[in-house]
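Numbered by our numbering, the letters in the sequence shown go through residues 224 to 340 in order.
Ideal placement from N, C-alpha and C gives every residue a C-beta, glycine not left out.
Here the structure is a predicted model, which is why all the values come from computation and not from measurement.
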Amino acid sequence: QVQLVESGGGLVQPGGSLRLSCAGSRTIWSFSSMGWYRQAPGKQRELVAEMSSGGSTNYAVSVKGRFTISRDNAKNTMYLQMNSLKPEDTALYYCNAYSIQDNANYWGQGTQVTVSS
224 QVQLVESGGG
234 LVQPGGSLRL
244 SCAGSRTIWS
254 FSSMGWYRQA
264 PGKQRELVAE
274 MSSGGSTNYA
284 VSVKGRFTIS
294 RDNAKNTMYL
304 QMNSLKPEDT
314 ALYYCNAYSI
324 QDNANYWGQG
334 TQVTVSS
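Next comes the structure, spelled out in structure tokens:
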């Protein structure tokens with residue numbers, strides 16, 4: 224069973240930065256894609272950013288230019304650098320990994336990001 228563990232969330236003022244981490248229990252290069260999703264209260268879960276095994280990336284329009292997804296294969300860890308945070312970025316952020324080999328989607332438990340003054 225694959226485990227994904229997020230960390231790095233917290234309370235930050237508008238305009239501030241946070242870096243989220245997602246540590247995998249197995250080598251992350253084995254996943255065909257990995258990404259970050261978020262869910263705000265009363266809203267549906269939405270894609271924030273994703274990265275394919277080949278390194279191509281895709282971002283939600285609302286975070287493009289402010290957030291950067293990256294990974295360190297040696298550490299089996301994916302990151303989300305979030306800059307210029309806005310109150311509307313407040314949500315529970317989830318790490319996701321899709322494995323073609325397993326035909327399965329894996330999710331972390333989520334880490335809370337709150338942007339407030």
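query                                                                                                     : result
Validate contact between the segment 310-326 and the segment 260-275 using beta carbons, cut 8 Å, 3 pairs : yes
For I344, the three-state DSSP class (helix, strand or coil)                                              : This structure does not reach residue 344, given that the chain is present from 224 up to 340, and the question cannot be answered.
Proximity test, P237 beta-carbon vs the ligand FAD heavy atom, cut-off 6 Å                                : The ligand FAD is not part of this structure, which contains no ligands at all.
Alpha helix (DSSP H) runs wholly inside the segment 242-313, at least 4 long, in chain order              : none
Straight-line Cα distance separating N296 from S322                                                       : 16 Å
Short Cβ contact (7 Å threshold) for R242 with Q332                                                       : no
Continuous beta strand (DSSP E) stretch holding V165: start and end                                       : As shown, the chain starts at 224 and ends at 340. That puts residue 165 outside it, with no answer to give.
Endpoints, beta strand (DSSP E) assigned at N328                                                          : 327-330
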